[in-house]
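Numbering (this note's numbering), first residue to last: 728 to 904.
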């Protein structure tokens with residue numbers, strides 16, 4: 728069983744954490760994020776360290792404690808350094824282009840795919856076949872990267888499609904005559 732929930736969260740320089748009842752707000756150079764704590768969870772802030780506490784007798788409190796600690800850690804990391812996911816387009820004629828808050832993908836369909844990039848997340852096209860999704864909210868960055876990948880997931884025979892840069896795609900052997 729993981730004991731990550733009991734580990735304290737260090738607050739780096741330039742990050743401000745405020746606790747207001749059940750709400751915790753984290754501000755930094757990368758923006759501001761907020762999280763609402765479960766009723767069974769208590770948070771203490773001492774000497775630039777956040778401690779998450781709960782009653783061990785309540786089974787749901789243990790699960791909520793680990794989740795709260797992970798969410799608080801991700802908020803602190805997000806406003807200080809941010810998160811990013813890299814995507815690669817593999818296939819002949821597969822291209823990506825970013826104009827303002829609009830992403831245009833050519834993925835072998837008859838029409839290009841237009842995707843509106845939501846606020847709080849930025850998408851860069853470092854080349855025609857590489858995308859970087861950046862933001863301070865880990866969940867939002869992962870969700871946007873997943874939605875872009877879902878337009879054309881990698882197929883197992885030729886490996887064509889949109890994939891995460893570090894993703895391994897198991898290849899299948901073609902049908903034999």
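Just so it is clear, CB atoms sit at the ideal spot from N, CA and C, and this is done for glycine as well.
All values derive from a computational prediction rather than experimental measurement.
In the DSSP assignment, find the beta strand (DSSP E) that holds residue i and state where it starts and stops.
| i | result |
| --- | --- |
| residue 889 | 888-891 |
| residue 749 | That residue, residue 749, is in no beta strand (DSSP E); it is neither H nor E in DSSP. |
| residue 822 | 822-826 |
| residue 830 | 829-833 |
| residue 771 | 768-773 |
| residue 841 | 840-843 |
| residue 779 | 776-781 |
Taking the Cβ atom as the reference point for each residue, do residue i and residue j lie within a distance shorter than 8 Å?
| i | j | result |
| --- | --- | --- |
| residue 758 | residue 843 | no |
| residue 898 | residue 883 | yes |
| residue 812 | residue 868 | yes |
| residue 887 | residue 827 | no |
| residue 815 | residue 851 | no |
In chain order, what residues of the same chain lie with their CB nearer than 6 Å to the CB of residue i, ignoring the 5 residues before and after it?
| i | result |
| --- | --- |
| residue 919 | The displayed coordinates of the chain run from 728 to 904. Any statement about residue 919 would go beyond what the structure contains. |
| residue 801 | 865 |
Could you give the first and the last residue of the continuous alpha helix (DSSP H) run that contains residue i?
| i | result |
| --- | --- |
| residue 806 | 786-807 |
| residue 872 | 865-877 |
Please go through the same chain and pick out, in chain order, the residues whose beta-carbon is closer than 8 Å to the beta-carbon of residue i, but skip the five residues on each side of it.
| i | result |
| --- | --- |
| residue 764 | 749, 750, 751, 770 and 795 |
| residue 806 | 742, 753, 754, 755, 756, 757, 758, 759, 760 and 863 |
| residue 829 | 841, 842, 843 and 844 |
Spell out the partners DSSP gives residue i in its beta bridges.
| i | result |
| --- | --- |
| residue 861 | 811 and 849 |
| residue 760 | 753 |
| residue 896 | None, per the DSSP bridge assignment. |
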